[in-house]
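Q:
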Amino acid sequence: MNEIESKLKSGALNCLGCASPRCEQFCHGHLPHRTILSLIKQDKFIEASELLYSCNPFPELTLSLCDCESGAYGHCIKNKLGSPIDTKGIESLLSTYPLNLKTKPYNGKNVSIIGAGPAGCSLGFHLAKLGYGVTIFDENDFIGGAILSYIPRFRFDEKILNSVFNKLKAVGVKFVFSKRIENDDYLALKKKNDFICLCLGTNSSRKIPFESNLIEYGLSFLKKNCQKEQLSFPKNKVFCVYGGGNVAFDCANLLLNNGYKVNLLYRRDFSSLPANKKEIEHALSKGIGFAFTSVINDIEISNERLLIHTLKTQLGEKINGRASFVNTSIKGDDIVCDNLIVCIGQKPCQFDFLPLDLERKIDEKTYLCGDLLYGSKTIGDAIFDGLQLASIIDNNNGI
Ligand code: SF4
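Per the numbering used here, the sequence shown runs over residues 1 to 399.
Right, dumping it as structure tokens:
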């Protein structure tokens, strides 16, 4: 047994093989951890790596970006005893095994995928392996979608995308970059292809009813600044970030890392913050200020500064793990800042060819995949949905 096999074996040894494995129920990437661990226990290391890759051909992405604390690792039943199975470590070791890049012979069917984010890349990889001719279009000049456009480089090494790109090229996926697909392009692609898959993500920010040049939205802020190591705002600027998800904490941490003062305004409480735990801890270590259970009620602008009036919210029952809330008429803190960055959620971009009701299949050839269909979820969810749509297209021949 080599060193990697020994580490895998000792990592899997204490898995209880639960009848109802919480590691699988909560895994963002929907990985069959219990079966993977069982294969490792039987010394079937290659089979375990093949099972991992069959669900997720890009573990380098999920290992880098998925929050396992709120997923498989954090929910392992043994976490209650303080010794959870290190599913992330196991995945990392298995990802050192070679990925099988053999494809089935070309089956005569062509698919155009619009959007080279995690869902589009996963879908393209699986379909290419099944013998489909796959072309992925993206308006950026490289793959990655939201990862490339919005995640700060201190949280993600861009080089990881090269590894994903090389895998896609190796299975024969073709790319058309720097191309935004408009209605005419979509209609032309529909004529030429057997299937069109829209993996467009949710790249439009939800708005607040206030406008000012001092108010910006999180996605636009990150698009301009996520690749910068140093921000060039005047050093004494104070920012308020409105929201509690990863976009909010990416904005906050980017600013905090550059020495700016940041207060975060959130509608729920600390325990309901949906951002990755690691990012929250980082912001705390950098001295972020918080105003919880508060919503913006009004904004006054004077002398190029914002005075944000808030109202308190009242938390109610938990829905999908997060407290619901209602606005009250109780006055909350007033917040003074130079700039407000609003990160209260995303919705799909508008394209003429998208119907109002977004369903998996919108016409005889066109499918939706990933965040566009389900709303903003994790990278693991997007990769898994690519696998799901590939099997829908292949098993049912698109029906
Ligand atoms: S929850 Fe933990 S102990 Fe149970 S099957 Fe999953 S990894 Fe093993």
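Just so it is clear, CB atoms sit at the ideal spot from N, CA and C, and this is done for glycine as well.
Keep in mind it's a predicted model, so treat the numbers as computed, not measured.
1) How far does the beta strand (DSSP E) with His309 in it reach, from first residue to last?
2) Confirm the yes/no value for this check: CB of Arg305, any heavy atom of ligand 1, distance under 6 Å.
3) Using 8 Å for Cβ pairs, my map puts Gly131 next to Tyr106. What's the rounded Cβ distance?
4) Looking only at its own chain, which residues have a Cβ that is under 8 Å from the Cβ of Leu93, when we skip the five neighbours before and after it?
5) May I have the straight-line CA-CA distance separating Leu284 from Ile362, to the nearest angstrom?
6) For the 8 Å Cβ check, are there 3 or more pairs between the segment 71-78 and the segment 174-190?
7) Since Asn297 contacts Leu311 with CB under 8 Å, what's their CB separation in whole angstroms?
8) How should Gly124 be labelled, buried or exposed, when 16 other C-beta atoms within 10 angstroms of its C-beta is the threshold for buried?
9) According to DSSP, simplified to helix, strand and coil, what is Val295?
10) Suppose contacts are defined by Cβ-Cβ distances below 7 Å. Is Ile393 in contact with Phe195 by that definition?
11) May I have the straight-line CA-CA distance separating Leu16 from Leu51, to the nearest angstrom?
12) Leaving out the 5 sequence neighbours to the left and right, which residues in its chain are closer than 8 Å to Asp43 when beta-carbon positions are compared?
13) Does the count of Cβ pairs from the segment 145-157 and the segment 315-335 closer than 8 Å reach three?
14) What residue range does the alpha helix (DSSP H) around Gly380 cover?
15) Any heavy atom of ligand 1 closer than 6 Å to the CB of His282?
16) Among Tyr260, Asn79, Phe154, Asp269, which residue has its Cα nearest to the Cα of Lys228?
17) State the DSSP-derived secondary structure class of Ala12, mapped to helix, strand or coil.
18) Specify, as a first and last residue, the run of the beta strand (DSSP E) that Asn339 falls within.
19) My understanding is that Asp334 touches Ile308, with C-beta atoms under 8 Å, so please give their C-beta distance in whole angstroms.
20) Give the DSSP-derived three-state secondary structure of Gln227 in the structure shown.
A: Straight from the coordinates:
1) Residue 309 sits at position 309 when you count from the first residue of the sequence shown. Where His309 is concerned, the enclosing beta strand (DSSP E) starts and stops at 305-319.
2) In the sequence shown, counting from the first residue as 1, residue 305 sits at position 305. No.
3) Reading the sequence shown from its first residue, position 131 is the one you call residue 131. Reading the sequence shown from its first residue, position 106 is the one you call residue 106. Contact between Gly131 and Tyr106 is confirmed by a C-beta separation of about 6 Å, below the 8 Å threshold.
4) Walking along the sequence shown from the start, residue 93 turns up at place 93. Taking Leu93 as the centre and dropping the five residues before and after it, the same chain places the C-beta of Ile4, Lys7, Leu8, Gly11 closer than 8 Å to its C-beta, in chain order.
5) Here residue 284 is taken as the residue at index 284 of the sequence shown, counted from 1. Here residue 362 is taken as the residue at index 362 of the sequence shown, counted from 1. Going by the C-alpha atoms only, they are around 44 Å apart.
6) Verdict: no, contact absent.
7) Numbered from its first residue, the sequence shown carries residue 297 at position 297. Numbered from its first residue, the sequence shown carries residue 311 at position 311. Between Leu311 and Asn297 the Cβ distance is about 5 Å, and since that is below 8 Å, they are a contact.
8) Residue numbering aside, residue 124 sits at position 124 when the sequence shown is read from its first letter. Buried, because 16 or more other Cβ atoms sit within 10 Å of the Cβ of Gly124.
9) Residue numbering aside, residue 295 sits at position 295 when the sequence shown is read from its first letter. Residue state for Val295 is assigned as strand, using DSSP reduced to three classes.
10) Position 393 of the sequence shown, counting from 1, holds the residue named residue 393. Position 195 of the sequence shown, counting from 1, holds the residue named residue 195. Yes, Cβ-Cβ distance for Ile393 and Phe195 is below 7 Å.
11) The count along the sequence shown starts at 1 and reaches residue 16 at position 16. The count along the sequence shown starts at 1 and reaches residue 51 at position 51. So the alpha carbons of these two residues sit roughly 19 Å apart.
12) Taking the sequence shown and counting its residues from 1, the one referred to as residue 43 is at position 43. Spatial neighbours of Asp43 in its own chain (CB-CB distance under 8 Å, excluding positions within 5 residues in sequence) are listed in chain order as Met1, Glu5, Lys9.
13) Too few Cβ pairs lie closer than 8 Å, so no.
14) One-based indexing of the sequence shown puts residue 380 at position 380. First-last of the alpha helix (DSSP H) with Gly380: 379-395.
15) Locating residue 282 in the sequence shown gives position 282, where the first residue counts as 1. No, the beta carbon of His282 sits no closer than 6 Å to any heavy atom of ligand 1.
16) Residue mapping note: residue 228 aligns to position 228 of the sequence shown, counting from 1. Among Tyr260, Asn79, Phe154, Asp269, the Cα nearest to that of Lys228 belongs to Phe154.
17) The sequence position of residue 12 within the sequence shown is 12, counting from 1. In the structure shown, Ala12 sits in a helix (DSSP, three-state: H, G or I).
18) Residue numbering aside, residue 339 sits at position 339 when the sequence shown is read from its first letter. For Asn339, the enclosing beta strand (DSSP E) begins and ends at 339-342.
19) By 1-based counting over the sequence shown, the position of residue 334 is 334. By 1-based counting over the sequence shown, the position of residue 308 is 308. Your pair Asp334 and Ile308 checks out as a contact, with CB atoms roughly 7 Å apart and the cut at 8 Å.
20) Within the sequence shown, numbered from 1, the residue matching residue 227 stands at position 227. Coil.
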